[in-house]
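One structure is given below, encoded as structure tokens.
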Amino acid sequence: MADAGVMEALLRRVEKADGGVDSLEVAADLGVDHQMVVGAVKSLQALGDVISAEQRSSKQWELTGEGNEVAEQGSHEARVFNSIPVEGIPRNELMKLAFGKVGFTKAMSSKWIKVDKEQDRIFKAVESVEDQVKEKLLQVQSGQASLLDDKDRNELKKRKLLSEVTVKSYWISKGQSFSTTITKQETELTAEMIASGNWKEKKFKPYNFEAMGIAPDCGHLHPLMKVRTQFRQIFLEMGFTEMPTNNFIESSFWNFDSLFQPQQHPARDQHDTFFLSDPALAHEFPTDYLERVKKVHSEGGYGSQGYKYDWKIEEAQKNLLRTHTTAVSSRMLYKLAQQKEFTPVKYFSIDRVFRNETLDATHLAEFHQIEGVVADRGLTLGDLMGILHQFFTKLGITKLRFKPAFNPYTEPSMEMFSYHEGLKKWVEVGNSGVFRPEMLLPMGLPEDVTVIAWGLSLERPTMIKYGINNIRELVGHKVNLQMVYDSPVCRLDS
Ligand code: PHE
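Position 260 (the sequence shown) corresponds to 1073 in our numbering; numbering is contiguous.
This is the structure we're talking about:
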């Protein structure tokens, strides 16, 4: 029966009923699922005051799964009785039957069967039996549970054949504007209705302001990307420009040599860096600049003694997966130095870097670095500390401390620590420094230009923000997509 049919049938029932009707009763009469009647009640209620419906709950007896089986095939004891032939049946064979054990016990206590101890065989003890259990269950099934007495019902309940359930139903009676014909309500006011004026005669369906919206079907950003957006926003607010970081492969020259990192530095070992086998070497370098880099490493210059070793181009040519985004900063500063007239710049980048690390809960062989670079005349360490304070304040971190550190390309260098309120201790949040003249002057930057810079990882703040303890839950094949769907947008300062 279709929805509208149920609605009309229900209205006719209500019209005839004196006082009202129960929705369960209507469902039984119409031979439809109770939910259909409930749906009709809801639809009629939405039409205004056609009917009045009051919710009520009542207890009902229902057959369990096993109860239904018994109603169909007979009780365990009756089935035992029926499977015994005149010549009897060995006890162990009877027990093999699915209903054997329970049926045997029940049939014995009703004295329907008897055991011949000597032969260990079971025989019928009476001519025929009456399967009352089945009869009673059939009564319940046909909606006549009230004909059974309490003792019967409780016994069947104990045998888990019957169960008592609470059912919710509606008591339905006539409303103020009761009618057996339903006029369909309009859901939309159209231009035609306004033009013809017939909207005045129409009935309109009221808005349901309580209705839930449909969840938009859309893609979901990974938490790392959400946090990256926030960091990018902070840099943009501070007037920084994003550097192009779209090359994971870099030559050792830009990743190390241009940064005054000596060729025998341990970071340039296979253990720490992924080198490429194909193409293994890079070939294009700005020749003059390369010569100046070679010179500052091997002989010194610009007031420096250099490292005094035999600098080899073959080492600088080796291709690798960049180990830090400072390789990009280096390229950008070199480019800046090629301008006719120096102009102050503020650059940033947020992208992926690679290190040959031993993997554990907090380390992967790849992660993201966030880097800021400022080049201007007359910058000091005070400027670096000031800008770091400003940057971290925008992240909601106000307690900041600095500790002297070492980087081959910065002097002085400082690690940054912030006080973690949750962990109640100072945790390292990044690394920073003032780029060395041995790095900047070979590029061709004016002598009075200072470049300050800092770097931090994107994974660390993301894990703290989203409460993730193991990096493998954030990146890699163990990532639960539901986590990605469920992670809310990121606001770093709250
Ligand atoms: N490149 C450094 C690192 O990988 C971070 C850094 C950037 C340090 C800029 C100083 C200046 O940890």
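Where a beta carbon is used, it is the ideal one built from N, C-alpha and C, also for glycine.
I'd like the span of the alpha helix (DSSP H) that includes LYS898, first residue to last.
Before going on, a small fix: residue 898 reads as Pro here, not Lys. Per DSSP, PRO898 belongs to no alpha helix (DSSP H) and is neither H nor E.
Spatial neighbours of GLY861 within its chain, please: C-beta separation below 7 angstroms, excluding the five flanking residues on both sides.
SER990
Span of the beta strand (DSSP E) holding LYS937?
934 to 937
Tell me whether the segment 880 to 887 and the segment 837 to 853 touch, counting them as touching only if at least three CB pairs, one residue from each stretch, are closer than 8 angstroms.
no
Closer than 7 angstroms: HIS1202 CB and nearest the ligand ADP heavy atom:
Absence of the ligand ADP is noted for the structure shown, with the ligand PHE being the only ligands found.
Leaving out five residues before and five after TYR1147 in sequence, what residues of the same chain have Cβ atoms less than 6 angstroms from its Cβ?
MET1256
Just the C-alpha distance for VAL1109 and GLN1043, rounded to the nearest angstrom, thanks.
39 angstroms
Apart from the five residues just before and just after LEU1186, which ones in its own chain have a Cβ nearer than 6 angstroms to its Cβ?
For the record, residue 1186 in the displayed sequence is Val; it is not Leu. Taken in chain order, the residues that qualify are SER1142, TYR1160 and ALA1266.
What is the rounded straight-line gap between the Cα of ILE926 and the Cα of ASP933?
13 angstroms
Can we count GLY1246 as close to the ligand PHE, meaning its CB is less than 7 angstroms from some heavy atom?
yes
Here's the rule: buried if 16 or more other CB atoms are within 10 angstroms of the residue's CB, otherwise exposed. What is PHE1053?
buried
Cβ neighbours of GLY988 in the same chain (closer than 6 angstroms, five flanking residues each side left out):
ASP862, VAL863, ILE864 and SER865
Could you tell me if CYS1031 is buried or exposed, where buried requires 16 or more neighbouring beta carbons within 10 angstroms of its beta carbon?
exposed
Do you know how far the Cα of ALA1080 is from the Cα of THR1156?
33 angstroms
What number of angstroms, rounded off, separates the C-alpha of GLN952 from the C-alpha of ALA958?
6 angstroms
Can you find a heavy atom of the ligand PHE that lies under 7 angstroms from the Cβ of TRP1067?
no
State the start and end residues of the unbroken alpha helix (DSSP H) segment that holds GLY878.
878 to 886
Contact check, GLU1228 vs GLU1241, beta carbons under 8 angstroms:
yes
How long is the line joining the alpha carbons of PHE1204 and PHE1048, rounded to whole angstroms?
8 angstroms
Would you mind working out which of GLU1127, ARG1105 and LYS1125 sits nearest SER1117, comparing C-alpha positions?
ARG1105
Could you say which of LYS1039, LEU1172 and PHE1088 lies nearest to TYR1279 if we only look at CA atoms?
LYS1039
Would you call GLU890 buried or exposed, if buried means 16 or more other Cβ atoms sit within 10 Å of its Cβ?
buried
May I ask you to report which of helix, strand or coil DSSP gives PHE1204?
helix
State whether the segment 1287 to 1296 contacts the segment 1244 to 1263, with contact taken as three or more CB pairs (one from each stretch) at a distance under 8 angstroms.
no
Does the Cβ of THR1223 lie closer than 7 angstroms to at least one heavy atom of the ligand PHE?
yes
Proximity to TYR1120 [Cα-Cα], best of GLN1083, ASP1070 and THR1136
ASP1070
Please identify the residue among ARG1045, ASP816, VAL1247 and LYS1107 whose C-alpha is closest to the C-alpha of ILE995.
ASP816
Distance between TYR983 and ASP835 (C-alpha atoms, nearest Å):
6 angstroms
Nearer than 7 angstroms: is that true of the beta carbon of HIS1078 relative to any heavy atom of the ligand PHE?
no
GLU999 versus SER871: straight-line alpha-carbon distance, rounded:
36 angstroms
With a threshold of 7 angstroms (Cβ to nearest heavy atom), would ALA1188 be considered close to the ligand PHE?
no
Answer yes or no: do ARG1135 and ASN1244 have a C-beta to C-beta separation smaller than 8 angstroms?
no
Report the rounded CA-to-CA distance for ILE902 versus VAL946, giving the unit in angstroms.
24 angstroms
Nonlocal neighbours in the same chain, by C-beta distance under 7 angstroms from HIS1084, ignoring five residues either side:
ASN1169
Tell me the start and end of each unbroken beta strand (DSSP E) in the segment 1257 to 1302 that is at least 3 residues and wholly inside, in chain order.
1262 to 1270
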